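Report on one structure; see the data block that follows.
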Amino acid sequence: MAYRSDAVHVRAPGKINVYLGVGHPHDDGYHSLATVFQAVSLFEDVYAYPSDDFSLEVTGDVDVSDVPTDDRNLAMRAAKMLAQATGVDAGVHLVIRKGVPVAGGMGGGSADAAAALVACDALWGTDVGSRGLHELAARLGADVPFTLHGGTAIGAGRGDELTPALARGRFDWVLVTSDQGLSTPEIYRSLDRLRGFGDAVAEDPPLSLDVPVGVLQALRAGDAHELAPVMHNDLERAAVLDRPDLELALADGVRLGALSGIVSGSGPTIAFLCADPEAARALQQELRATGREALHVHGPVHGAQLML
Ligand code: ATP
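full-length UniProt numbering applies: residue 1 is where the sequence shown begins, and numbers increase by one.
Structural data, given as structure tokens:
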């Protein structure tokens with residue numbers, strides 16, 4: 001597809017949860033989280049074209065057949081929310097080129113929303129500033145503020161209360177993607193059931209929710225060997241229950257040379273941490289030889305960024 005020169009182009013990254021601790025469900029369905037996000041070099045590209053009304057099309061390297069193009073699309077919601085918040089009397093035609101697997105646990109839809117906010121703000125000249133963008137992002141979804149900022153960050157609350165985390169150097173990851181996505185709300189519900197949380201969840205004692213110091217130390221040191229044993233995801237057992245094949249994939253990656261493997265977010269994407277770029281390239285090839293789709297990415301990378 002040719003992209004016209006009157007487009008504003010914004011690129012936003014997918015994310016991995018290096019650590020994901022999940023607390024109780026609240027009445028609104030959200031859970032308290034203690035998480036560490038890292039933005040990785042797998043990107044969504046959003047192009048915003050001047051238009052009188054609102055429309056959207058989706059294309060990409062990944063299967064986009066399940067992505068809605070109406071108001072259910074987070075990027076469309078982002079554009080309309082910005083227009084309403086600023087009173088701008090304009091529309092936009094959005095073209096999303098997806099590089100992040102759909103329903104893969106890597107926040108692709110959130111990246112589209114963050115990119116659409118930045119793109120429309122530039123297209124319309126609304127200039128809401130970084131605080132304004134952050135507020136709108138948090139209203140759109142818990143992962144949207146992080147993809148706006150990128151890098152490595154601790155997420156508290158629903159994941160949207162961000163504190164930047166110092167991460168030295170670069171971490172090499174190999175992602176194993178799946179043809180079939182997983183529904184984030186269903187994985188959270190499944191975890192609640194596994195933990196025996198019934199309707200009386202509000203009365204249950206709170207779970208301790210903190211990111212372990214060891215995770216932050218390993219990131220600060222830029223040391224993949226130190227990070228590997230402390231990576232953790234509370235959602236993993238729920239994702240594996242739904243998709244038992246993930247257990248075999250996790251074991252295969254470690255057997256073939258990964259330092260450690262983790263289900264990303266609500267899955268089913270698996271992120272394998274590798275010692276260095278060479279080890280990641282070798283693992284990617286080994287995993288592909290077993291018939292799996294494997295991608296070598298690195299982090300941390302920038303959040304949503306205008307491409308000039
Ligand atoms: P997260 O990790 O943030 O929970 P995810 O990476 O597992 O999410 P997404 O690809 O972001 O999943 O989207 C999940 C669902 O949301 C899709 O199946 C689709 O129905 C809907 N959706 C809405 N907007 C988008 C979008 N822009 N891109 C992809 N899916 C979208």
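Every residue gets a Cβ at the ideal spot worked out from N, C-alpha and C, and that includes glycine. Quick caveat, the model's predicted, so the values are computed rather than measured.
- Item | Nearest-angstrom Cα separation, counted from R168 out to L216 | Each residue's Cα considered, the two are about 11 Å apart.
- Could you check if V213 is buried or exposed, using at least 16 other CB atoms within 10 Å of its CB as the buried criterion? exposed
- Query: In terms of residue numbering, what span does the alpha helix (DSSP H) encompassing L148 cover?
  - Reply: V144 to H149
- In terms of alpha-carbon separation, which member of G257, S5 and S266 lies closest to residue 365? Residue 365 lies beyond the range of the chain shown here (1 to 308); nothing can be said about it.
- Item | Per-residue DSSP class, three states only, for T184 | helix
- Own chain residues within Cβ distance below 6 Å of R288, not counting five before or after: A294
- Message: Is M106 near ligand 1 - that is, is its Cβ less than 6 Å away from at least one heavy atom of it?
- Response: yes
- Within the same chain, show all residues whose beta-carbon is closer than 8 Å to that of R158, passing over the 5 residues directly before and after it, in chain order. Y30, H31, S32, L33 and A142
- Give the C-beta separation of G14 and M106 to the nearest angstrom, bearing in mind that I take them to be a contact with Cβ-Cβ under 8 Å. Indeed they touch by this definition, with Cβ atoms about 4 Å apart.
- Item | Close beta carbons around Y49, own chain, < 6 Å, minus the five adjacent residues each side | A7 and H93
- According to DSSP, is V301 helix, strand or coil? coil
- Message: Could you give the first and the last residue of the continuous beta strand (DSSP E) run that contains V58?
- Response: First-last of the beta strand (DSSP E) with V58: F54 to G60.
- Item | Sub-7 Å separation of F171 and A224 beta-carbons | yes
- Cβ pair I187, S266 closer than 7 Å: The beta carbons of I187 and S266 sit closer together than 7 Å.
- Message: Closer than 8 Å is the cut-off here; do at least three beta carbon pairs connect the region 60-80 with the region 18-29?
- Response: no
- Message: Considering just the uninterrupted stretch of the alpha helix (DSSP H) at L250, what are its terminal residues?
- Response: D245 to R255
- Which class does A78 belong to by DSSP, given the choice of helix, strand or coil? helix
- Just how far apart, CA to CA, sit T269 and F54? 32 Å
- Item | Residue range of the unbroken beta strand (DSSP E) whose run includes P68 | Neither: P68 is in no beta strand (DSSP E) and is coded neither H nor E.
- Taking only the alpha-carbon atoms, compute the straight-line gap between G299 and A251 and give it to the nearest angstrom. Approximately 23 Å between the Cα atoms of the pair.
- Message: With the cut-off set at 7 Å, would you say V174 and A116 are in Cβ contact?
- Response: no
- Query: According to the neighbour-count rule (16 or more other Cβ atoms, all chains shown, within 10 Å of its Cβ), is T177 buried or exposed?
  - Reply: In summary, T177 is buried, with 16 or more beta-carbon neighbours lying within 10 Å of its beta-carbon over all protein chains present.
- Identify every residue that forms a DSSP beta bridge with C274. Its beta-bridge partners are D172.
- Task: Tell whether a beta-carbon distance below 7 Å holds between V10 and A279.
- Result: no
- Message: Between which residues of its own chain and H149 is the CB-CB distance below 7 Å, once the five residues before and five after are set aside?
- Response: L162 and G303
- What do you reckon, is the C-beta of L74 under 6 Å from a heavy atom of ligand 1? Yes, ligand 1 has a heavy atom inside 6 Å of this Cβ.
- Message: Quick check on the DSSP output: the alpha helix (DSSP H) that includes D121 runs from which residue to which?
- Response: Element bounds for D121: G108 to W124.
- T184 CB to nearest heavy atom of ligand 3 below 6 Å: The model on display carries ligand 1 but not ligand 3.
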